[in-house]
Every structure is written in C-alpha cells, then in structure tokens.
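Undergrad:
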Amino acid sequence: SDLNKTLRNGLESIDKKEGYRGPIFRFTEEKQKKEFLAKLEDFKKRIFVRNNKEKIWNLCNLGQIDTNQNIDNIIDNTRLVNLEVSKKVCVVVKDVTVNNLLLDLGTKTIRMDKSQALWALSGKNKNKLSDIVSVGDIIFVELKKVNNEVKASLEQVPLINGALVALDVKTGGVLAMTGGYDFALSQFNRAVQAKRQVGSTIKPFVYALAFDMNLVTPASIVTDAPKAFMDSETNTIWSPRNHDNKFSGDVTVATGLINSRNIITITLLEKIGMEKFLHFIKDLQISTDKTPFARNLTIALGSGENYPIQIANALRAFPNKGKFSPHHMIDKIKFLDGKNKTYTPSEEISVLSEDSAFITTWLLKRVLYGKQNRLSNVKADIAGKTGTTNKARTTWFYGYSPDILVVVYVGYDDNRSIGTNAWGINTAFPIWADFMNQASINQVESKFNVPETIEWRYIDQKTGKAKSAAKEEVIENIPLENDVPATTISNSIIMEPFRFGTAPKIEEKEDDTYNVPINTIDSSSFAP
C-alpha cells in the first residue's frame with residue numbers, strides 16, 4: 001500500500017546513508033556456489049511451468065540460510081510473485097561487467113546498470129560493480145520500467161525501523177497504521193508495541209499547560225542561558241544543555257517552543273510544578289501504570305517512554321479544542337446474522353482550554369514555515385513538531401491538519417543511536433511529509449478554528465513588546481480571508497494570539513495602523 005511504501009522508502013533512504021552491507025546471501029566456496037546454482041536451475045525447470053510464466057521468484061528466504069539447514073528445502077519453499085514495477089525482490093546475479101549486472105528472475109533475465117547502484121559505490125575502494133557483487137550472489141532489488149523494458153535498482157533491507165500512525169482528529173479513530181518495515185520480516189507492531197522515549201514530543205504539552213495556567217503568554221520573555229536546576233524530587237543539581245550547545249539569551253516563549261529550547265521548557269515546568277504537570281499528562285494517558293513518568297525535571301525533555309499510538313492520541317488535544325478521549329481501531333462489527341455492533345466512543349474530557357490548545361497549534365504552524373516544498377499538495381492548515389531523544393536513539397515527527405494527525409518515529413529496535421547527525425527533521429519528517437502530502441483530506445482547504453476568546457497583537461519577537469502595524473511595513477502575507485492583518489510585518493514583528501485579557505498593551509503611538517483593529521479580529525475569518 002502507499003502507506004507501507006511511504007515508511008519503507010523513508011527507512012531505506014536513512015539506511016543507505018550508512019553504506020552497502022553486501023548481498024543478501026553469498027557462498028564463499030566455489031564448489032558450494034556451483035552446486036547451489038545448479039539446484040536453482042533445477043527448481044526453475046520444475047516450478048516455472050506453463051501457469052507460472054508470468055511469475056518471478058523472490059529469493060529473500062535464502063538470506064536465512066545457515067550451516068544447519070537443508071538448502072534444498074529452503075529453495076523448494078521459495079515464493080513466486082507477480083512481475084510488477086516497484087516490487088522489491090531478491091534475485092540471482094548471473095553476470096557482472098564494469099557497468100552492468102545481469103539478473104536472473106526465474107522466468108527472465110534483466111539488466112541493472114551502474115547508475116542504479118551509485119549509492120552503494122560511494123565507499124572506500126568501491127568504483128566498479130564487481131567491487132560490491134559477484135556472480136551467484138543473491139541481492140535485493142526494486143523492479144523498474146525504463147523505456148518499456150524491465151530493469152532494476154540495487155536496494156538494501158534496512159536495519160533501522162519505525163512506525164507511522166494516523167488518527168482522526170475529532171474521534172481518535174485509527175485511519176492508518178504501519179508498525180514496521182516489513183511484516184514478513186518482523187510481526188512486531190511498533191506503532192502499538194514499541195515503548196520509546198518521547199523526546200521533544202512532550203514539549204508542547206509543557207507550553208500548553210503554562211498558557212492554560214496563565215503563567216506565560218507567547219510574548220513573555222524567558223532567559224535561555226546556562227542554568228543549574230535543583231530537582232526537589234531527587235535533591236540533585238542538573239545542568240542541561242540545548243541540542244546545539246548554544247544559548248539564545250532572552251527570547252519569547254513563542255521562540256522557545258518553535259526552536260525547541262531545552263532550558264526554557266524546563267523553566268516552564270518548574271513554574272507549573274511537578275504535581276500539576278504529572279496530573280495533566282496522566283489525564284492525557286501519556287503517563288500510565290504501564291508507562292509511568294519519573295518525578296523529576298528530565299521529563300520536560302522527554303525522558304519518559306510511551307507507545308507511538310498513545311503519543312499520537314494525546315496530541316489530538318491540540319487540534320481537537322483541548323479535548324481528549326481514548327483512541328479506537330474498530331468502528332463497527334458485522335455479524336453473520338446481519339446484526340451490527342457499532343463502536344460507542346468514550347466521553348471526551350477537557351484537558352486544556354480551547355484557546356490554550358489553539359495558541360499551541362498556532363506556534364507549531366510556524367515550525368513548518370519554509371518547508372512547503374515537501375508539502376506542495378497540502379492546502380489545509382498544518383502544524384507540527386520534531387522530536388529527538390538523547391543520543392538520537394529515537395527520532396520523531398508529528399503534525400496535524402484540522403482533520404488528521406500523524407506521528408512517525410524512527411529508531412533501531414535495540415535502541416542504539418541512529419547517528420550523530422540524526423534528527424527528527426532529517427529522518428522522521430520526510431516520511432511524515434510524504435504521507436501528509438498524499439492524504440486526500442489535506443488537499444482541500446481547511447483552517448484551524450480560532451476561539452472567540454483569542455486576542456491578537458503584533459509582537460516584536462526580540463523584545464516581546466506589542467507593536468502597531470503600519471501598512472507600509474507589511475512584507476509577507478499568508479492566505480487569510482476578510483483582510484485580516486498579515487502574519488508577519490517585518491523580520492522581527494509577527495502576529496501572535498493571546499488568551500482574552502492577557503495580551504500586552506501597545507505602548508507606542510498609534511499612527512498609520514492596519515484598518516482592522518488588532519484586538520478585535522473576527523475569528524470567523526479563520527474558520528474552515
């Protein structure tokens with residue numbers, strides 16, 4: 001399916017950057033190789049009779065050979081599959097030249113030229129196809145059609161894995177889910193069974209609760225600087241750093257969330273209080289009996305663990321007006337006697353005010369600014385957030401439109417580091433973006449609903465002070481209806497939402513201001 005292909009392509013792309021690990025299977029002794037190839041020829045004559053002439057073999061099961069197994073039995077259990085473009089199969093290398101491989105598919109032979117294996121030739125002392133494959137090797141390829149001729153590209157079953165889950169924003173119904181690279185290789189459903197550190201996916205919950213408690217606004221100034229935190233739960237001192245080992249000084253809370261600054265997030269958790277935050281994430285089923293979060297400040301950076309589907313469902317609170325309900329996979333059961341049993345959704349609970357949920361969404365929209373080249377088909381409003389755990393053992397991207405929320409995680413099953421240059425934005429995001437770009441529901445214009453209690457101000461992002469908006473200053477518009485002000489009026493000044501009564505006052509003299517009063521913008525102009 002397209003969903004499985006989206007995850008598979010993403011995982012393969014990440015894996016290829018680590019280089020080619022070699023063929024699926026290779027005999028090292030010439031005598032054994034000749035016997036093996038002779039047995040394959042015998043299998044071909046026996047199996048590919050008249051009814052199977054449109055089939056090809058998929059020899060991936062030969063990768064399981066060890067010295068204690070009977071090769072004849074393994075060959076006889078080889079799968080036959082339809083010859084289809086984009087299918088990925090294991091085939092035999094029949095001949096190797098400088099620029100081409102000749103591949104045996106059982107019923108036919110095809111060529112693969114060097115250009116389809118360049119990624120595997122990028123390593124040291126690897127210039128020719130014969131440097132990486134030999135006659136008799138079983139290799140993994142993708143079938144392609146070039147000028148009406150079937151050809152192939154060299155592929156590799158990735159060691160890295162991951163999951164993708166998509167939920168209906170309003171109901172929590174599972175719209176799509178894939179739990180790994182290939183079910184035939186692993187029946188472990190990572191979307192519901194892989195307990196992973198949540199990383200920075202937790203941060204928007206900290207900010208949202210801080211907004212809800214009126215502790216800060218998007219324009220509040222918080223200091224991003226080296227700081228030692230006394231953890232009252234453990235009675236220890238902790239000196240965390242930001243992911244880039246840099247500090248930004250005094251910045252707005254909005255900037256802190258958009259740029260995922262660690263120090264600011266921990267500072268906000270301190271303001272909220274541990275008891276209050278733990279109660280909040282228990283309501284969202286992030287911290288549960290099976291996945292308890294520790295009572296220390298590290299949970300602000302995502303040290304706790306949970307399952308991807310649980311994280312996805314908790315995140316629904318942002319586009320779902322601050323409301324939470326359990327997710328579900330079945331809408332209706334049909335019985336043989338014609339009777340139906342329909343799923344009755346659990347009653348929603350309000351975990352956040354609608355305005356705090358919207359403010360968080362508004363800020364997360366900005367995370368995706370500049371990334372529209374990967375989301376060219378998406379016409380709906382869209383918001384998202386990266387996540388990278390300690391030592392990049394797990395990378396995340398999640399995001400949502402008004403109708404669908406999708407979470408992607410990438411990581412090794414043994415929880416080792418993906419690599420020093422692995423981040424949510426270059427591993428999980430491309431998979432997420434490809435899925436969101438293909439989802440037809442996102443290809444129709446729809447906007448996040450703005451609560452009536454929201455006030456708007458133009459804010460200087462450097463100082464957090466409110467500004468008036470002169471017409472001639474406007475340099476960027478995003479498509480909003482009814483002449484509401486532009487989102488950005490300079491490199492420093494941007495429009496921010498506030499809970500009613502918390503918006504900062506405009507201190508400067510009002511001169512040539514925008515023709516819509518910025519504290520009374522009609523929220524209906526943002527509605528779908």
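In the working numbering, the protein residues as written are 1 to 528.
Quick reminder that beta carbons are idealized off the backbone N, C-alpha and C, glycines included.
This structure is a prediction, so every number in the text was calculated from the model and none was measured.
Taking 8 Å as the threshold, find out whether the region 199-212 comes into contact with the region 268-282 through three or more Cβ pairs.
TA: yes
Undergrad: For V93 versus I56, is the C-beta spacing smaller than 8 Å?
TA: Result no, Cβ atoms of V93 and I56 do not sit closer than 8 Å.
Undergrad: Around the C-beta of R457, are 16 or more other C-beta atoms found within 10 angstroms, so that it is buried, or is it exposed?
TA: buried
Undergrad: Under 6 Å Cβ to Cβ from D42, same chain only, skipping five residues before and after it: list those, please.
TA: none
Undergrad: Suppose only complete runs of 3+ residues qualify. What are the beta strand (DSSP E) ranges in the region 427-470, listed by chain order?
TA: 454-460
Undergrad: Find out if the Cβ-Cβ distance for the pair V351, F318 is shorter than 8 Å.
TA: no
Undergrad: Relative to the alpha-carbon of L62, which residue among L185, G10, V85 has its alpha-carbon at the smallest distance?
TA: Minimum Cα distance to L62 is reached at L185.
Undergrad: Starting from the Cα of L159, find the closest Cα among I425, S417, D460 and give me that residue.
TA: For L159, the closest alpha carbon among the candidates I425, S417, D460 is that of S417.
Undergrad: Would A191 pass as a contact of T201 if the rule is Cβ separation under 8 Å?
TA: no
Undergrad: By Cβ distance below 8 Å, which residues in the same chain neighbour V85 in space, the five residues on each side in sequence not counted?
TA: L143, K144, K145, V150
Undergrad: In the structure shown, what three-state DSSP assignment does Y207 receive?
TA: DSSP places Y207 within a helical segment (H, G or I) once states are collapsed to three.
Undergrad: Between D522 and the rest of its own chain, which residues show a CB-CB distance below 6 Å, the 5 nearest in sequence each way excluded?
TA: Annotation note: pLDDT 37 at D522 (below 50); position unreliable, no value reported.
Undergrad: Cα separation between D113 and K17?
TA: 20 Å
Undergrad: Could you check if R241 is buried or exposed, using at least 16 other CB atoms within 10 Å of its CB as the buried criterion?
TA: In this structure R241 is exposed. Its beta-carbon is surrounded by fewer than 16 other beta-carbon atoms within 10 angstroms.
Undergrad: On the DSSP bridge list, what partners appear for F324?
TA: I349
Undergrad: Looking only at its chain, what residues have a beta carbon closer than 7 Å to the beta carbon of P23, apart from the 5 residues adjacent to it on each side?
TA: V133, D137, I138, I139
Undergrad: What is the DSSP secondary structure of S153, reduced to helix, strand or coil?
TA: strand
Undergrad: With DSSP run on the structure shown, which of helix, strand or coil describes T78?
TA: coil
Undergrad: Tell me the DSSP secondary structure of L368 in three-state form.
TA: coil
Undergrad: In this structure, what does DSSP give as the bridge partners for G162?
TA: V410
Undergrad: With DSSP run on the structure shown, which of helix, strand or coil describes D137?
TA: It is coil, neither helix nor strand.
Undergrad: Should V98 and K126 be called a contact, given that it needs their Cβ atoms to be closer than 8 Å?
TA: The answer is no: Cβ separation not under 8 Å.
Undergrad: Whole angstroms are fine: how far does the CA of R366 sit from the CA of K379?
TA: 16 Å
Undergrad: Contact check, F358 vs V216 under 8 Å by CB: the rounded distance?
TA: That belief does not hold up - the Cβ atoms of F358 and V216 are roughly 16 Å apart, past 8 Å.
Undergrad: Can you find the residues in the same chain that come closer than 6 Å, C-beta to C-beta, to D355, ignoring five residues on each side of it along the sequence?
TA: P451, T453, I454, R499
Undergrad: Alpha carbon to alpha carbon, how far is E496 from T255?
TA: 11 Å
Undergrad: DSSP beta-bridge partners for M274?
TA: Partner(s): none; M274 has no beta bridge.
Undergrad: Is DSSP giving I475 helix, strand or coil here?
TA: Bear in mind that the predicted position of I475 carries a pLDDT of just 36, short of 50, making it unreliable; the figure below should be weighed with that in mind. Coil.
Undergrad: Once DSSP output is grouped into helix, strand and coil, what is the label at W238?
TA: The answer is strand: DSSP assigns W238 an E or B state.
Undergrad: Residues in the same chain with beta-carbon distance under 6 Å from E472, minus the five sequence neighbours each way, listed in chain order, please.
TA: Annotation note: pLDDT 39 at E472 (below 50); position unreliable, no value reported.
Undergrad: Does DSSP put K16 in a helix, in a strand, or in coil?
TA: helix
Undergrad: Indicate the three-state DSSP secondary structure (helix, strand or coil) for A380 in the structure shown.
TA: Coil, per DSSP.
Undergrad: Along the chain, where does the alpha helix (DSSP H) containing V192 start, and where does it finish?
TA: 190-193
Undergrad: At the level of alpha carbons, what is the spacing between L59 and V81?
TA: Spanning the two alpha carbons is a distance of roughly 10 Å.
Undergrad: Can you name the start and end residues of the beta strand (DSSP E) that R46 belongs to?
TA: Taken as a continuous stretch (DSSP letters only), R46 belongs to no beta strand (DSSP E), being part of the alpha helix (DSSP H) at 30-47.
Undergrad: Less than 8 Å between the C-beta atoms of D72 and K39, yes or no?
TA: yes
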